[in-house]
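Undergrad:
2 protein chains.
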Amino acid sequence: MKAFFGTFVNKVDAKGRLSVPAPFRAVIQGRGLTSVAIHPSLFESCLEGAGFDRFENLESQITDTFVPAPSNDAAELIMAELRELPLDGEGRVVLPDEFIAKAHLKDQAAFVGQGRKFQIWEPSALEALKKAKLQRVLAATKGDA
Amino acid sequence: MKAFFGTFVNKVDAKGRLSVPAPFRAVIQGRGLTSVAIHPSLFESCLEGAGFDRFENLESQITDTFVPAPSNDAAELIMAELRELPLDGEGRVVLPDEFIAKAHLKDQAAFVGQGRKFQIWEPSALEALKKAKLQRVLAATKGDA
DNA sequence: TGGGATTTTATGGGCGTCAATGGGATTTCA
DNA sequence: TGAAATCCCATTGACGCCCATAAAATCCCA
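The listed protein sequences correspond, in order, to chains A and B. Numbering-wise (numbering that gives the first Met the number 0), the first sequence opens with residue 0 and increments by one. Numbering-wise (numbering that gives the first Met the number 0), the second sequence opens with residue 0 and increments by one.
1) Mind pulling the chain B residues with CB within less than 7 Å of A/A2?
2) Within the 7 Å Cβ cut-off, does B/I119 reach chain A?
3) Using beta-carbon positions only, say whether B/K1 and B/G29 come within less than 7 Å of one another.
4) Residues of chain A with CB closer than 8 Å to the CB of B/V66, please, in chain order.
5) What are the boundary residues of the beta strand (DSSP E) that A/I119 is part of?
6) Report the option in B/K105, B/V26, B/A138, B/A73 whose CA atom is closest to the CA atom of B/D52.
7) From the DSSP output, in three-state form, read off A/T6 for me.
8) Taking just the CA atoms, how far does B/A138 sit from A/L17?
9) Count the CB pairs spanning the region 114 to 134 of chain B and the region 42 to 51 of chain B that are closer than 8 Å, and state whether there are at least three.
10) Can you grab the Cα-Cα spacing for the pair B/F147 / A/A21, in whole Å?
11) Drop a sphere of 10 angstroms on the beta-carbon of A/K132, count the other beta-carbons inside from all chains shown, and report buried for 16 or more, exposed for fewer.
12) Using the rule of at least 16 other Cβ atoms within 10 Å of the residue's Cβ for burial, across every protein chain shown, is B/R135 buried or exposed?
13) Can you grab the Cα-Cα spacing for the pair A/E75 / B/E97, in whole Å?
14) Considering B/A74, what are the terminal residues of the alpha helix (DSSP H) in which it resides?
15) B/T6 and B/V92 look like a contact to me (Cβ under 8 Å); what is the Cβ gap, rounded to whole Å?
16) For the candidate residues A/K130, A/F3, A/A124, A/K129, whose alpha-carbon lies nearest to that of B/L57?
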């Protein structure tokens with residue numbers, strides 16, 4: 000299964016349109032899909048996306064009951080905010096305003112491949128996150144030595 | 000399995016193109032691949048590369064969850080910066096600008112074989128590293144004698 | 001074994017194609 | 001009928017693909 004990897008920064012235009020990087024489109028279209036499924040991250044100021052197939056099992060994770068079940072919380076929150084965004088003829092998606100707000104996007108957006116999924120970040124926020132992650136990795140490595 | 004070994008210095012041209020040394024190409028093509036997978040090192044000012052097959056299990060190292068996990072940090076950082084660079088008809092790759100910047104490359108790049116993978120260094124930085132390594136070896140040897 | 005011929009490598013440059021982007025026209029829905 | 005969403009086309013800049021050259025390594029045969 001081809002994966003999402005690499006980082007690509009594209010522009011968000013006045014209409015809220017954003018080109019999905021060609022390598023990511025190749026993954027999506029390689030599965031016969033013509034849209035991407037995107038939702039705001041529950042924990043970070045970014046969006047998360049993949050082919051819609053990634054979220055199909057989410058439905059099955061929700062216990063179908065008439066009594067509220069706390070174990071369903073995360074899946075239910077994601078389902079509630081999940082959107083299927085069609086790719087236009089040029090490979091772009093239109094980001095809903097709420098998504099732009101949640102990820103604090105301005106005129107640029109960075110697609111970050113993470114294997115089965117990808118994230119969309121405001122570029123400067125992504126830089127800060129990467130610095131923090133690298134610090135954690137370096138600290139953990141030093142601990143081993 | 001054939002390994003990467005030896006050091007080869009080639010030019011980075013105005014287009015950011017860089018010839019992959021023929022012996023390294025032989026390793027790659029011996030596995031039926033037509034591209035190299037490269038990412039900046041997390042620990043040093045250099046790039047690391049291999050056939051893409053070396054990175055295929057990286058995806059499975061990332062726990063697929065909607066909750067961030069620090070244990071995924073290293074794999075996520077590499078996945079985010081990993082690029083698959085196709086070899087052109089003459090056995091060259093085009094280095095992205097970020098890669099050139101991260102490794103401080105100017106007009107030359109040194110391929111250094113490391114067995115399963117190889118590194119790409121700015122030649123003078125490589126010299127400094129080799130000196131330092133040799134010093135450590137000598138110091139350790141003196142301690143033994 | 002020497003030396004010329006051939007092949008392989010590394011490198012430079014030109015050109016066509018495609019990706020990314022912007023703007024306008026058309027449709028859709030309230 | 002107005003606002004928003006969708007579609008279509010134009011531009012431009014990057015990238016892939018092709019060929020040309022030169023140097024180095026290899027081969028081959030007398």
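Ideal Cβ placement from N, Cα and C applies to all residues, glycine included.
TA: Inspection of the coordinates gives the following:
1) E58
2) By this cut-off, B/I119 is not an interface position.
3) yes
4) Residues of chain A passing the Cβ test: L41, F42, A73.
5) 116 to 120
6) B/V26
7) strand
8) 56 Å
9) The count of Cβ pairs closer than 8 Å, one atom from the region 114 to 134 of chain B and one from the region 42 to 51 of chain B, reaches three, so the stretches are in contact.
10) What is shown of chain B runs 0 to 144, which leaves residue 147 of chain B out entirely.
11) buried
12) exposed
13) 39 Å
14) 72 to 80
15) The pair is not a contact, with the Cβ atoms about 18 Å apart (cut-off 8 Å).
16) The shortest C-alpha separation from B/L57 is found at A/F3.
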